[in-house]
Amino acid sequence: MPTEDKNTPRIDLVEFDNNPLLCSKVDYILNNPKTIGYKNRTNSPNQIPAGTIINYSESLDNVPNLGIVRFSNCDPACPLTIKWSDKLEVYGCDSLAKNGLYARIFRTWVATNCMGKRLDTIQKIDFCRPGVADFQFNGSGGEDYDRIVTYSSCTPNKDSIRHIDVTPFAVKTGVLS
């Protein structure tokens with residue numbers, strides 16, 4: 000019977016948000032330490048330097064979190080170094096047509112102890128393009144229209160039309176919508 004290696008890090012908790020996000024959020028989320036932390040919270044672990052978690056102590060940053068992995072080590076005299084890093088893959092038209100997937104971030108979590116033993120896991124953060132139902136106009140419509148804009152002008156003038164009045168924006172329920 001093999002004995003358990005008490006010097007190897009172990010995973011105590013994996014908590015990832017698996018909801019797909021809008022493709023417009025890729026640049027904001029990629030390598031952003033403020034998106035690390037427990038789901039449905041806006042506190043993130045302190046990281047010095049960015050990408051290295053220190054004792055899971057937290058600070059409020061008011062950014063919704065996408066997940067966290069809690070590692071531990073049986074030997075308190077052999078501390079863990081916990082790091083994460085992101086790799087972005089952007090997909091082509093075939094993937095968009097097949098499953099609506101625009102891009103995916105592979106967030107790799109690694110715990111290494113003082114003896115160099117390590118354990119890792121990977122979080123997948125999916126990004127999709129918005130569908131027609133995900134678009135909304137800034138304001139109300141009426142009858143058969145999504146948006147009605149009225150300007151106080153006797154003659155039509157394209158220069159008086161504001162971009163915000165006629166351009167829909169994408170929304171999606173879930174984290175960081």
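For the sequence shown, position 100 (counting from the first letter as 1) is numbered 99 according to numbering that gives the first Met the number 0, and the numbering increases by one without interruption. We put the beta carbon where it would ideally sit given N, CA and C, even for glycine.
With 16 other Cβ atoms within 10 Å as the buried cut-off, status of residue i
{"i": "Asp-177", "result": "Since the displayed the chain opens at 0 and closes at 176, residue 177 lies outside it and no answer follows."}
{"i": "Leu-59", "result": "exposed"}
{"i": "Arg-106", "result": "buried"}
{"i": "Ser-56", "result": "exposed"}
{"i": "Ala-96", "result": "exposed"}
{"i": "Lys-33", "result": "buried"}
{"i": "Asn-64", "result": "buried"}
Opening and closing residue of the alpha helix (DSSP H) in which residue i lies
{"i": "Asp-125", "result": "No alpha helix (DSSP H) contains Asp-125, which is instead part of the beta strand (DSSP E) from 117-127."}
{"i": "Ala-97", "result": "It should be noted that the sequence gives Lys, not Ala, for residue 97. That run of the alpha helix (DSSP H) goes 92-98."}
Cβ shell of residue i (< 8 Å), same chain only, five flanking positions each side left out
{"i": "Cys-22", "result": "Tyr-101, Ala-102, Phe-126, Cys-127, Arg-128 and Pro-129"}
{"i": "Ile-47", "result": "Ile-53"}
{"i": "Ile-35", "result": "Ser-43, Pro-44, Gln-46, Ile-52, Asn-64, Leu-65, Gly-66, Ile-67 and Trp-83"}
{"i": "Cys-77", "result": "Asn-6, Asn-112, Cys-113 and Met-114"}
Sequence-distant residues of its chain with Cβ nearer than 7 Å to residue i (five each side left out)
{"i": "Glu-14", "result": "Tyr-37, Lys-38, Gly-66 and Ile-67"}
{"i": "Lys-116", "result": "Asn-6, Thr-7 and Pro-8"}
{"i": "Val-131", "result": "none"}
Cβ pair residue i, residue j closer than 7 Å
{"i": "Leu-79", "j": "Pro-8", "result": "yes"}
{"i": "Ser-71", "j": "Asp-11", "result": "yes"}
{"i": "Asp-85", "j": "Leu-29", "result": "yes"}
{"i": "Asn-42", "j": "Ile-53", "result": "no"}
{"i": "Lys-82", "j": "Val-62", "result": "no"}
{"i": "Ile-121", "j": "Ile-104", "result": "no"}
First through last residue of the beta strand (DSSP E) which encompasses residue i
{"i": "Val-25", "result": "Counting along the chain, Val-25 falls outside any beta strand (DSSP E), though it belongs to the alpha helix (DSSP H) covering 25-28."}
{"i": "Gly-66", "result": "66-71"}
{"i": "Tyr-55", "result": "51-59"}
{"i": "Thr-80", "result": "79-89"}
{"i": "Asn-18", "result": "Per DSSP, Asn-18 belongs to no beta strand (DSSP E) and is neither H nor E."}
{"i": "Gly-44", "result": "The sequence given here has Pro at residue 44, not Gly. Taken as a continuous stretch (DSSP letters only), the beta strand (DSSP E) holding Pro-44 covers 42-46."}
Chain-order list of residues whose beta-carbon lies under 6 Å from that of residue i (same chain, five-residue window excluded)
{"i": "Ala-49", "result": "Pro-32"}
{"i": "Arg-69", "result": "Asp-11 and Leu-12"}
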